[in-house]
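J.:
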Amino acid sequence: VAARLRSVPVAFAAGIALGVVQNLVNRYAPDVLAEVSGFRSSIPFVLLFVLLFFVQGRGGRTAGSIVEEVPTADPREDLSPWRRRLPWAAGAIALLAYGFFVADAYWTGVLNRGLVLGLVFLSFVVVTGLGGMVNLAQATFVTVAGFTVGWLVNHQWPSTVPVLMNNGRLTFWMATIVAVIVAAVVGLLVALPSLRLGGLTLALSTLALAFVGDRLVFQLNGVRNGSKGWSIPRPAYGPVDLGDDNTLMVVLVVLLALVAGLIGNLQRSATGRAVLALRSSPVAAATSGLDPVRTKLVVFAVSAAIAGFAGAFFALVNSPMTNTSAPPLLGIVWLAVAVTFGIRRPGGAIVAGLVYSMFPVVLSGIGSNWEGAPWSSIPGSVRDLIAEPELASLLFGLGAVGLARQPDGLLADVGNLLRARRLSRPSRTGEPDVVKPSAASEASGPTEGGTAGSIRAGRPVDIPVGGDTSPLLVVADLHAGYGEVEVLHGVDLTVPAGGVVAVLGANGAGKSTLAGVLAGTVAATAGSVHLDGREVTADPPHLRSRAGLLLVPEARGVFPGLSVVDNLAVHLRDQGDRRAAGERFPILRDRWSQAAGLLSGGEQQLLSLAGALEEPPKVLVADEPSLGLAPMATSKVFEALAELRDLGCALVLVEEQAGGALELADTVVIMNLGRVAWSGPAAEVDLDRLGATYMGTGGPPTR
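The numbering of the sequence shown is this note's numbering, which starts it at -12 and goes up by one.
1) Can you name, in chain order, every residue of its own chain whose Cβ lies under 6 Å from the Cβ of Ala261, other than the five neighbours on each side?
2) I'd like to know whether the C-beta atoms of Ala(-2) and Val173 end up nearer to each other than 8 Å.
3) List the residues that DSSP assigns as beta-bridge partners of Ser550.
4) Rounded to whole angstroms, what's the CA-CA distance from Ile319 to Val289? Just pull it up for me.
5) Taking the beta strand (DSSP E) that Pro668 belongs to, which residues open and close that run?
6) Do the stretch 82 to 95 and the stretch 135 to 144 make contact, defined as three or more Cβ pairs closer than 8 Å?
7) Given that a residue counts as buried once 16 or more other Cβ atoms are within 10 Å of its Cβ, and exposed if not, what is Tyr343?
8) Let me confirm a value: Met619 is counted as buried when at least 16 other C-beta atoms fall within 10 Å, else exposed. Which label applies?
9) The beta strand (DSSP E) spanning Ala652 covers which residue range?
10) Taking the alpha carbon of Ile113 as the point to measure from, which residue in Pro333, Ala178, Leu649, Ser550 has its own alpha carbon closest?
11) What are the complete alpha helix (DSSP H) segments, minimum 4 residues, inside the stretch 236 to 275?
12) What beta strand (DSSP E) runs, 3 residues minimum, are completely inside the stretch 504 to 561?
13) Compute the Euclidean distance between the alpha carbons of Leu410 and Arg255, then round it to the nearest angstrom.
14) Give the DSSP bridge partners of Val170, in chain order.
15) Quick one: give me the first and last residue of the alpha helix (DSSP H) that Thr481 is part of.
16) In the structure shown, what three-state DSSP assignment does Gly468 receive?
17) Let me check one thing: in DSSP terms, what residues is Asn310 bridge-paired to?
18) If you check the beta carbons only, do Ser275 and Ser550 fall under 8 Å apart?
19) Under the three-state reduction of DSSP, which class applies to Val154: helix, strand or coil?
20) Alpha carbons only, please: which of Tyr469, Arg71, Val545 is nearest the one belonging to Leu575?
21) In the DSSP output, which residue or residues are listed as bridge partners for Trp217?
22) State the Cα-Cα distance for the pair Val401 and Lys623, rounded to the nearest angstrom.
23) Would you grab the beta carbon distance between Gly598 and His558 for me? Rounded to a whole angstrom, and I think it's under 8 Å.
24) Which class does Val121 belong to by DSSP, given the choice of helix, strand or coil?
25) Give me the DSSP bridge partner(s) of Val487.
26) Along the beta strand (DSSP E) that carries Ala609, what are the first and last residues, could you check?
27) The ligand SAM and Lys283: does any heavy atom of the ligand fall closer than 7 Å to the residue's C-beta?
28) Cα separation between Ala244 and Asn154?
29) For chain B, is any of its Cβ atoms less than 8 Å away from the one on Asn554?
30) What does DSSP give as the partner residue(s) for Val741 in the beta ladder?
31) Between the stretch 575 to 590 and the stretch 637 to 644, do three or more beta carbon pairs fall short of 8 Å?
32) On the three-pair Cβ rule with 8 Å, is the stretch 324 to 339 touching the stretch 102 to 109?
33) Taking the DSSP output, what are the residues bridged to Leu460?
34) Do you know offhand how far Ala297's Cα is from Val129's?
35) How many angstroms separate the CA atom of Glu418 from the CA atom of Arg412?
36) What separation, rounded to the nearest whole angstrom, lies between the Cα atoms of Gly563 and Glu601?
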């Protein structure tokens, strides 16, 4: 970490420094800490966690750049909802039938442990599959919940509360609720690093916290109940006796269905759209008014709560619960298993839990326990290898590595094979099967051309009346850059209400950096930005967006992993506004349910402007709106920008290609090497001198 994973000598020196610091802490630590079991072994992980906050990544250009996540096709998209759910319902019935009528007590216990692990793996679906963040502390949440339930059901209270308590002890279900809350709170604490970290550093920080908990907190006798751990008796509530393995299996299947449904609803909700939008394009999400801090906190809290809920049952089926029941390294194995089967779908997590529970038992049986044909024909050395306890973890790890670029896992591979088989079958009429249009497309009716015949006019921007001529956006003496490299050197810019300012310049002039500073995605090192009379220099992007300043980033500010309608829903909460956006752009309406990342460049740019046309912001900053577009698509984009201008929206057009911007602009600003080389009315721009400025062969254009 100290060497940023780039320098062997620096890493070697950091290792020596770590040893020195550890020896100093061991020598001079207070006796109270030194006597705590695990304190000394936790020092490296505490230092790692602290170091991650002080070692900054190298500054880089973020203005105008977005993260493109290539959407993957859903192999079930041609199936009706009941056909999607039918295999899972049949699988649940088959599992229960096997548990009730075929399996003995041993195998029923194995299946129950697999179902509990399915609950654990569902927490990975939320934080990693949905949120795109690698959290290696999930096993810690399981242990926290298990210890919480163990303490609550074993603690003798002086009085009894009916229903909630039994003979002075909290009931298992009440203890589970408390454990879920405790795990969610711990998840929020673990989420704090994610507010500034990401990728590998986030994974390392959560792993460091997991080891601190394992080596320090979980070593306390009051927490783990000594070496014997916490024994949790299986409760009975009327006919529901969890002491019976078959009854417990039914309860776990029902709970899995409920939690999977909860995750499905989360994915389809506004919060789920915000999570997917933040993962798909952080810049576009922040500049669309989505709060990244709140979104990450919600993801971590929900994931930790699910892990805590699973932890209560994990302690129940693995009683007694000790500090070695779910160590941090086991959490890494769990993640590998979840990735192998598909970390983006609840079904993959459930299958992963069952397979992970049964696979080692099957390998052990083949290697040593099962006798007779065909097992006796396997060579002894091969059986000894199969019987190795680490083989299952090794195979799951290799599977995760092999599927690292296929996050949907084995479940998606199987689905793709089945879909290919379905599509290869001839239809009953003898004609090739075709994919039917979505219900939304059918309901919208036929379309011709790029615009609808009857379009509801967008709501105009509220512009002050009564002689107020103060500018809407004012930039004064602005300095900004990346790391130690300053890109903008004292830029001044004024945008009047309803005006159009074109910011032109060659590549590298600082145009996109200026757009990023206006939107808040790049921090200003000096100077100020005022919006509608209020300084917003220190405001984060989502607050500027809510105040009326919207950035359409370079390379288009859409969310590739979301459908067209979900992209619109991020900007437009009202269904009527979304329907009006579809009427305005029939080409988008025809692709209502299609992933935005599969649209053409022009369609993506229209999608990024569609929401603004229904709810126009005070100021729209368009960073290279014509970048990479064909002439016809560019024409449609500038028609949309002209309509925004007519609605009273002030425009800042950041362009390298001056043609379309000059036709719209009232004022032109020419930038060169981070400074304003010239500014003035668009009608006074000398095109010949402008071309010379682009080529670096002449001075700025003159009036």
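The C-beta atom is built at its ideal place from N, Cα and C for all residues, glycine as well.
T.: Quick look at the numbers:
1) Answer for Ala261: Leu277, Thr282, listed in chain order.
2) In terms of Cβ geometry, Ala(-2) and Val173 do not form a close pair [threshold 8 Å].
3) In the DSSP output, where bridge partners are listed per residue, Ser550 has Ala582.
4) Straight-line Cα distance between these residues: approximately 19 Å.
5) 662 to 668 is the span of the beta strand (DSSP E), which, as asked, contains Pro668.
6) No, they do not touch.
7) Per the 10 Å Cβ criterion, buried.
8) Here Met619 is exposed. Its C-beta has fewer than 16 other C-beta atoms within 10 Å.
9) Taken as a continuous stretch (DSSP letters only), Ala652 belongs to no beta strand (DSSP E), as it is neither H nor E.
10) Just to set this straight, residue 113 is Val in the shown sequence, not Ile. Comparing C-alpha distances from Val113 to each of Pro333, Ala178, Leu649, Ser550 shows the shortest one belongs to Pro333.
11) Unbroken alpha helix (DSSP H) stretches of 4 residues or longer found wholly inside the stretch 236 to 275: 257 to 267, 269 to 273, given in chain order.
12) Here the runs fully enclosed are 511 to 518, 536 to 539.
13) So the two alpha carbons sit approximately 28 Å from each other.
14) The question names Val, but residue 170 in the sequence shown is Ala. Paired residues: none, contrary to the question.
15) Premise fails: Thr481 lies in the beta strand (DSSP E), 472 to 482, not in any alpha helix (DSSP H).
16) In this structure, Gly468 counts as strand in the three-state DSSP scheme.
17) Answer by DSSP bridge pairing: none, since Asn310 is not bridged.
18) Contact flag unset, no.
19) Checking the sequence, you will find Asn at residue 154 rather than Val. Of the three classes helix, strand and coil, the one that applies to Asn154 here is coil, per DSSP.
20) Just measuring C-alpha positions, the residue of Tyr469, Arg71, Val545 sitting nearest Leu575 is Val545.
21) Residue pairing by DSSP places Trp217 opposite Met308 in a beta bridge.
22) The straight-line gap from Cα to Cα measures roughly 42 Å.
23) Gly598 to His558, Cβ: 3 Å. Contact.
24) If DSSP states are grouped into helix, strand and coil, Val121 belongs with coil.
25) Bridge partners of Val487: Leu638.
26) Taken as a continuous stretch (DSSP letters only), the beta strand (DSSP E) holding Ala609 covers 606 to 610.
27) Looking for the ligand SAM in the displayed structure turns up nothing, as the structure carries no ligands at all.
28) For the pair Ala244 and Asn154, the Cα-to-Cα distance works out to about 32 Å.
29) Given the protein chain composition of this structure (a single chain), no chain B is represented.
30) Nothing about residue 741 can be read from this structure; the chain reaches only from -12 to 690.
31) Short answer: they don't touch.
32) Three or more pairs of CB atoms, one per stretch, sit closer than 8 Å, so the stretch 324 to 339 contacts the stretch 102 to 109.
33) Beta-bridge pairing links Leu460 to Val482, Leu518.
34) About 7 Å.
35) Residue placement at Glu418 is poorly supported in this model, since its pLDDT is 49, which falls under 50; the coordinates still yield a value, given next. Their Cα atoms are separated by approximately 10 Å.
36) Per the coordinates, the alpha-carbon of Gly563 lies some 10 Å from the alpha-carbon of Glu601.
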